[in-house]
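A.B. asks: In the numbering used here, the protein residues as written are 1 to 263.
The beta-carbon is built from N, C-alpha and C at its ideal position, and this holds for glycine as well.
#1: Could you say which of 56, 71, 95 and 246 lies nearest to residue 84 if we only look at CA atoms?
#2: Whose C-alpha, out of 97, 138 and 130, is nearest the C-alpha of residue 119?
#3: If we ignore side chains and look at the alpha-carbon of each, how far apart do residue 110 and residue 141 end up?
#4: Assuming residue 139 contacts residue 181 (C-beta within less than 8 Å), just tell me the rounded distance between them.
#5: Taking the alpha-carbon of residue 235 as reference, which of 225, 217, 257 and 124 has the nearest alpha-carbon?
#6: Assign residue 184 to one of three DSSP states: helix, strand, or coil.
#7: Any idea what DSSP makes of residue 82, helix, strand or coil?
#8: May I ask you to verify whether the stretch 115 to 129 touches the stretch 23 to 34, counting CB pairs closer than 8 Å and requiring at least 3?
#9: I'd like to know if the stretch 86 to 93 and the stretch 65 to 72 are in contact, where contact means that at least 3 CB-CB pairs between them fall below 8 Å.
#10: Whose C-beta lies closer than 7 Å to the C-beta of residue 175 among residues of the same chain, with five residues either side of it excluded?
#11: Quick one: grab the DSSP three-state call for residue 215.
#12: How would you write the range of the alpha helix (DSSP H) that residue 255 sits in, first residue to last?
#13: Specify the secondary structure class of residue 133 as computed by DSSP and reduced to three states.
#14: I need the DSSP call for residue 316, collapsed to helix, strand or coil.
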C-alpha cells in the first residue's frame, strides 16, 4: 500500500515561513520567566508572542508588556488573550522594524529561530536595553556563551558592556510543532559598569577584530601583523596563552587583559 500523502495547510506553510514553534509546556514557560526575572517596575518587549502562553506568565510579573506578533492568525488569538491582561499592549507588527523605547526596557521571547541573529543585533543596538532573555536553538546559545571552550567574535566584542550566559535548556518536546533540535535560554545583560572605560572600547574592538581577522586561526600570528612580535609574545605569556592558541579559545577576560597590555 502506498504511503498516505498529507497536504500542508496554509497554516502549516505559514508556520514554516515564520519559523514558528509554539511553547506548549508550562514548565518551560516558567523556566523562561524565571530566567528573565521581571518585576513590577519593568517595561518588557516580547518578541514573537504567538498564542500568548509566555505573554500571560510575563504579564503577571511585570509592570508593562508590549507583545509583538507579525503573524495575523496568531495575532488574532493573542488579541483575545491580551484583552484580559491589563498592562499588555499588542503590536501586530514586525519587532525588527520597531523603534526601541527611550526608557530602560528588557526583551523576552520565544523568537523565530531563523531571525535569531537579527533579533540579537537589534537588542545590542538599543541604547535602553537592560537585558534580553531569548529562547534560541541550543547550538546558538552555546556558541554565544563559550560552551565547549570556544568563544564567538560577537561575544568577545561586546563582553566589556554585556554579559552572555546560558540560563537553561528546553527540550524540543516542549514545542508544537516539535522542532528538530533542543532550545537554549540565552541571557544577555547590560553591565551596570562596563569592564573598560568608554574611551577604550574602540581600541578594544579593533584588537578583537584584528585577532579574529587573521590567517590560520592562531591568535599570536594574527596579532603580530599589527603589533611588535616581542610585545605580543610577552602579553600572551602574561595571560597564560600558548603561542599556538586558537582565537576562539581565548576567554573574554583574557582579551580585556591583552588590550590593557597592548594598547
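C.D. replies: By the coordinates alone:
#1: 56
#2: The shortest CA-to-CA distance from residue 119 to any of 97, 138 and 130 is the one to 97.
#3: When rounded, the separation of the alpha-carbon atoms in residue 110 and residue 141 is 13 Å.
#4: The Cβ separation is near 7 Å, so the contact holds.
#5: 257
#6: strand
#7: helix
#8: no
#9: Between the stretch 86 to 93 and the stretch 65 to 72, the count of C-beta pairs closer than 8 Å reaches three or more; the two stretches touch.
#10: 21, 22, 23 and 24
#11: coil
#12: Looking at the DSSP string, the run of the alpha helix (DSSP H) that includes residue 255 is 252 to 262.
#13: strand
#14: Since the displayed the chain opens at 1 and closes at 263, residue 316 lies outside it and no answer follows.
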